[in-house]
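Asker: One structure is given below, represented as structure tokens, and several questions about it will come after.
Number of protein chains: 2
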Amino acid sequence: MKKLRFGIIGYGAQGSMYARFIEQGMVESMDLVAICDSDEVKQSQLVESFPNKKIYNDYKDMITSGEVDAIITTVPHYLHPEMAMFALNNGVHVLNEKPAGVYTKQVKALNDFVATNSDVTYAMMFNQRNNPLYQKIKKIVEDGEIGPIRRTNWIITTWWRPQPYYDQSAWRATWGGEGGGVLVNQAPHQLDLIQWIAGVPTKVYSKIKHGFRRDIAVEDEVTALMEYENGATGVFVTCTHDLLGTDRLEILGDKGKIVVEDSKTVTVKRLKESENILNKNMDMEDVKRLFMGQMNTKDLYSTEVFTEESAWGEQHSGVLENFARHILYGEDLLAPGAEGINGVRLANAIHLSTWTGEEIVLKDFDDDLYLNELNKRIKEEAKFDLRR
Amino acid sequence: MKKLRFGIIGYGAQGSMYARFIEQGMVESMDLVAICDSDEVKQSQLVESFPNKKIYNDYKDMITSGEVDAIITTVPHYLHPEMAMFALNNGVHVLNEKPAGVYTKQVKALNDFVATNSDVTYAMMFNQRNNPLYQKIKKIVEDGEIGPIRRTNWIITTWWRPQPYYDQSAWRATWGGEGGGVLVNQAPHQLDLIQWIAGVPTKVYSKIKHGFRRDIAVEDEVTALMEYENGATGVFVTCTHDLLGTDRLEILGDKGKIVVEDSKTVTVKRLKESENILNKNMDMEDVKRLFMGQMNTKDLYSTEVFTEESAWGEQHSGVLENFARHILYGEDLLAPGAEGINGVRLANAIHLSTWTGEEIVLKDFDDDLYLNELNKRIKEEAKFDLRR
Numbered sequence: 068m069k070k071l072r073f074g075i076i077g078y079g080a081q082g083s084m085y086a087r088f089i090e091q092g093m094v095e096s097m098d099l100v101a102i103c104d105s106d107e108v109k110q111s112q113l114v115e116s117f118p119n120k121k122i123y124n125d126y127k128d129m130i131t132s133g134e135v136d137a138i139i140t141t142v143p144h145y146l147h148p149e150m151a152m153f154a155l156n157n158g159v160h161v162l163n164e165k166p167a168g169v170y171t172k173q174v175k176a177l178n179d180f181v182a183t184n185s186d187v188t189y190a191m192m193f194n195q196r197n198n199p200l201y202q203k204i205k206k207i208v209e210d211g212e213i214g215p216i217r218r219t220n221w222i223i224t225t226w227w228r229p230q231p232y233y234d235q236s237a238w239r240a241t242w243g244g245e246g247g248g249v250l251v252n253q254a255p256h257q258l259d260l261i262q263w264i265a266g267v268p269t270k271v272y273s274k275i276k277h278g279f280r281r282d283i284a285v286e287d288e289v290t291a292l293m294e295y296e297n298g299a300t301g302v303f304v305t306c307t308h309d310l311l312g313t314d315r316l317e318i319l320g321d322k323g324k325i326v327v328e329d330s331k332t333v334t335v336k337r338l339k340e341s342e343n344i345l346n347k348n349m350d351m352e353d354v355k356r357l358f359m360g361q362m363n364t365k366d367l368y369s370t371e372v373f374t375e376e377s378a379w380g381e382q383h384s385g386v387l388e389n390f391a392r393h394i395l396y397g398e399d400l401l402a403p404g405a406e407g408i409n410g411v412r413l414a415n416a417i418h419l420s421t422w423t424g425e426e427i428v429l430k431d432f433d434d435d436l437y438l439n440e441l442n443k444r445i446k447e448e449a450k451f452d453l454r455r
Numbered sequence: 068m069k070k071l072r073f074g075i076i077g078y079g080a081q082g083s084m085y086a087r088f089i090e091q092g093m094v095e096s097m098d099l100v101a102i103c104d105s106d107e108v109k110q111s112q113l114v115e116s117f118p119n120k121k122i123y124n125d126y127k128d129m130i131t132s133g134e135v136d137a138i139i140t141t142v143p144h145y146l147h148p149e150m151a152m153f154a155l156n157n158g159v160h161v162l163n164e165k166p167a168g169v170y171t172k173q174v175k176a177l178n179d180f181v182a183t184n185s186d187v188t189y190a191m192m193f194n195q196r197n198n199p200l201y202q203k204i205k206k207i208v209e210d211g212e213i214g215p216i217r218r219t220n221w222i223i224t225t226w227w228r229p230q231p232y233y234d235q236s237a238w239r240a241t242w243g244g245e246g247g248g249v250l251v252n253q254a255p256h257q258l259d260l261i262q263w264i265a266g267v268p269t270k271v272y273s274k275i276k277h278g279f280r281r282d283i284a285v286e287d288e289v290t291a292l293m294e295y296e297n298g299a300t301g302v303f304v305t306c307t308h309d310l311l312g313t314d315r316l317e318i319l320g321d322k323g324k325i326v327v328e329d330s331k332t333v334t335v336k337r338l339k340e341s342e343n344i345l346n347k348n349m350d351m352e353d354v355k356r357l358f359m360g361q362m363n364t365k366d367l368y369s370t371e372v373f374t375e376e377s378a379w380g381e382q383h384s385g386v387l388e389n390f391a392r393h394i395l396y397g398e399d400l401l402a403p404g405a406e407g408i409n410g411v412r413l414a415n416a417i418h419l420s421t422w423t424g425e426e427i428v429l430k431d432f433d434d435d436l437y438l439n440e441l442n443k444r445i446k447e448e449a450k451f452d453l454r455r
């Protein structure tokens, strides 16, 4: 059986988890052959723990060694695009950790490259796309079961992080080191899912708070108001200060509504006809019945409730396997790399809207303006070099 | 036993309901003595149905007759302030139907009058303030049980109205006749409640849609993003096109969270200490446990669930009785008239934000600008006189 020779760049929480999945045989079509970490202490631990793997301290050496077919970038966010680009340039396939990058300008260069170089595969580690719950919801929407979208609303405040989490390293929750807060670190999952399921919005206005209930420079509190191509609206709320976090996604369409609670319980209500038609077919007698409380609207729809959860590790190992099978056998990618920019742009636009006080039109998104505004904040912070 | 001599102006759906409540003895401290309606057909029906009441066709005659101590204005919204003002000017107490008016300028004059004339009572028919469910929630918030507000979020889309509802009269859902859509007609309940419970916001930005899924000139789809004095944010979503309507209110505070579903089921989670303190007392070991899934956050709060509903008619008859007892015995008013402006201003600001594309600062709300923008729309409509 063919196996993809895989290298992990960055042996932190994510990198070590992926190594474990592969070593435990959860990723059939992959061989873990190399691990890279720039930390010297980690290197010697790695040499001891993995006597049969190549251990690198420089990711460029690993990529140009000829020993890996593909790599994953489990490193700080800012580094994702430059490592991915170096690998692709050297004919090595890339599974990019989320987010694809911190600002759109650095991600665009990657997308431009893969648009004209079809011999290398560029994919994103959007593990939640491999959650059967969200796959089912995407299919319901895609199949038109609830009709064109009228509104989306996601309150996803289950990302509680106490202060010591932020204090554990100097780059965390800084503009220069991490490039943002909950939008860059925790919510990229949902920023991807909502666009994957309901489409990419056209405009966004936001009210975010920097250091609202944490002692950090970046955002720990976010509310974004989106608009879609067809005039539908969306609300996206996230934060890291809600110990009693809510996870509730509601999608209303012309023909029905989906409500997902705790990323687990799904209620789908399907109207017997589009509300556009039901509405047109009503008459004054119906209105009277409605006001007398005599209209049984329950006759007009069906209700389905189901629960769905993915087992620990399945989401990530499944993305790894899909990535390998795409390269080996041409299986469709769950998360093509080019789609990584959507989450980055939405996060950037949410930042930029609050910084400028303006609604942001996504198709005209000004990559340079965003980078400029980001650099202003990095400069004020006076801890890290400016980005370009 | 003393009774307040009460007159009803406008014998439509609301007026006739209040007449029924009083006649059936649900309002102990009131005597219904007069009814006014400008419609001739209704007048003769009234004469027949109520042989012992005075029936008027001109509200001014009723107010100046000396036969009524107090009146209620169950007439089209635009008329509330002028009728209320005429009554107060003539020493007759006023229970104003909601909304207090259509635009702040006309409501301000009323508030100015009552600020300097304490011998007449001016109150609002905010019947939901008499709903034991919202009274309990207000008390929980007021008593500081969930601490200072961090966020509010109300999705109240149970106001489904089919097209024939809008087509039943020429003034409905027009700028000149009604002055707006769901914000003016259906949502004033919640626009009052959210401010009554969580406080008056300082700023609002909105994205509303006019005639989104109904053939009307005014708004049938609303999303508003609010900000409070202390930097907390709020989201308010309402519409009339959701047959599968949602009613879900969430209030997060420093010390807990309240979730109300379907205006019926309340879940209150109370943190054992303020999240500000819990957060500060965490250490790196706690963060590790959190990430290992070994932190039992359930130890940090209690959960109370209760349901509460008010019986049909109780809300309205209770407000009528409270109004009478205030005048007769000095009982505290549930809804002082001066508070009516809050809902009007918030509705106006939500309109104005979408019309101008700007965030609106409520303390600087420009009453003249709003009226001017409203008149532009009345002029385009070319069906009704301009307002001033």
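Chains as they are written, first to last, in this note's numbering: chain A, 68 to 455; chain B, 68 to 455. We put the CB at the ideal spot given by N, CA and C, even for glycine.
1) Leaving aside the five residues before and after F88(A) along the sequence, list all residues of the same chain whose C-beta is less than 8 Å from its C-beta, in chain order.
2) Of all the residues that make up the stretch 336 to 348 of chain A, which are near chain B by a beta-carbon distance shorter than 8 Å?
3) Y78(B) lies in the alpha helix (DSSP H); which residues open and close that run?
4) Between L66(B) and chain A, is any beta-carbon pair separated by less than 9 Å?
5) Is the CB-CB distance between G323(A) and L311(B) below 9 Å?
6) Residues in the stretch 361 to 372 of chain A with C-beta within 7 Å of chain B's C-beta atoms, listed in sequence order?
7) Assign P118(A) to one of two classes, buried (16 or more other C-beta atoms within 10 Å of its C-beta) or exposed (fewer than that).
8) Are the C-beta atoms of I222(A) and some chain B residue less than 9 Å apart?
9) Is K109(B) close to chain A, meaning its C-beta is less than 9 Å from at least one C-beta of that chain?
10) Any contact between the stretch 418 to 437 of chain A and the stretch 158 to 169 of chain A? By contact I mean 3 or more CB pairs, one from each, below 8 Å.
11) Can you give, in chain order, each stretch of the alpha helix (DSSP H) that sits fully within the stretch 401 to 425 of chain B and has at least 4 residues?
12) Is it true that the CB of I204(A) sits closer than 9 Å to the CB of D321(A)?
13) Along chain A, in chain order, which residues have C-beta atoms closer than 7 Å to that of T423(B)?
14) Quick one: what does DSSP say R337(A) is sitting in, helix, strand or coil?
15) Cβ of F193(B) within 9 Å of Cβ of L146(B)?
16) Is it true that the CB of A414(A) sits closer than 9 Å to the CB of P255(A)?
17) Apart from the five residues just before and just after K70(A), which ones in its own chain have a Cβ nearer than 7 Å to its Cβ?
18) Ends of the beta strand (DSSP E) at T300(A)?
19) Output, in sequence order along the chain, the residues in the stretch 266 to 290 of chain B whose CB is closer than 8 Å to any CB in chain A.
20) Using a Cβ cut-off of 9 Å, which residues of the stretch 432 to 448 of chain B contact any Cβ in chain A, in chain order?
21) With a threshold of 9 Å between beta carbons, is K324(A) in contact with chain B?
22) Can you check whether the C-beta of F88(A) is within less than 9 Å of a C-beta belonging to chain B?
23) Would you verify that the beta carbon of G211(A) is, or is not, closer than 9 Å to some beta carbon of chain B?
24) Per the DSSP calculation, S273(A) is bridged to which residue(s)?
25) M97(A) bridges to which residues according to DSSP?
26) Within a Cβ cutoff of 6 Å, which residues of the same chain sit near T225(A), ignoring the five residues on either side of it in sequence?
27) Using only CA atoms, which one of V326(A), T241(A), T140(A) lies nearest to D125(A)?
28) Which class does L113(A) belong to by DSSP, given the choice of helix, strand or coil?
29) Rounded to whole angstroms, how far is the Cβ of G247(A) from the Cβ of E286(A), which I believe are closer than 8 Å?
30) Report yes or no: is there a C-beta of chain B within less than 9 Å of the C-beta of P229(A)?
31) Just checking: is the beta-carbon of M152(B) within a distance shorter than 9 Å of some beta-carbon in chain A?
Answerer: In terms of the structure at hand:
1) V94, G380, H383, S384, L387
2) K336, L338, E342, N343, L345, N346, K347
3) It is not in any alpha helix (DSSP H) - Y78(B) carries neither H nor E in the DSSP assignment.
4) Because chain B in this structure spans residues 68 to 455, residue 66(B) falls outside the shown range and cannot be described.
5) yes
6) T364, L367, Y368
7) exposed
8) yes
9) no
10) Touching, no.
11) 407 to 423
12) No; because the gap between Cβ atoms is not below 9 Å, this pair is not in contact.
13) In chain order: nothing, as chain A lies at least about 12 Å away.
14) DSSP places R337(A) in strand when its eight states are reduced to three.
15) Against a cut-off of 9 Å, the Cβ pair of L146(B) and F193(B) comes out as no contact.
16) Result yes, Cβ atoms of P255(A) and A414(A) sit closer than 9 Å.
17) S96, M97, D98
18) 300 to 306
19) Flagged, chain order: Y272, K274, K276, F279, R280, R281, E288, T290.
20) Answer in chain order: no residues at all.
21) Answer yes: the Cβ-Cβ gap between K324(A) and chain B drops below 9 Å somewhere.
22) no
23) no
24) A291(A)
25) L71(A)
26) G312, D314
27) T140(A)
28) helix
29) 6 Å
30) The C-beta of P229(A) comes closer than 9 Å to at least one C-beta of chain B.
31) no
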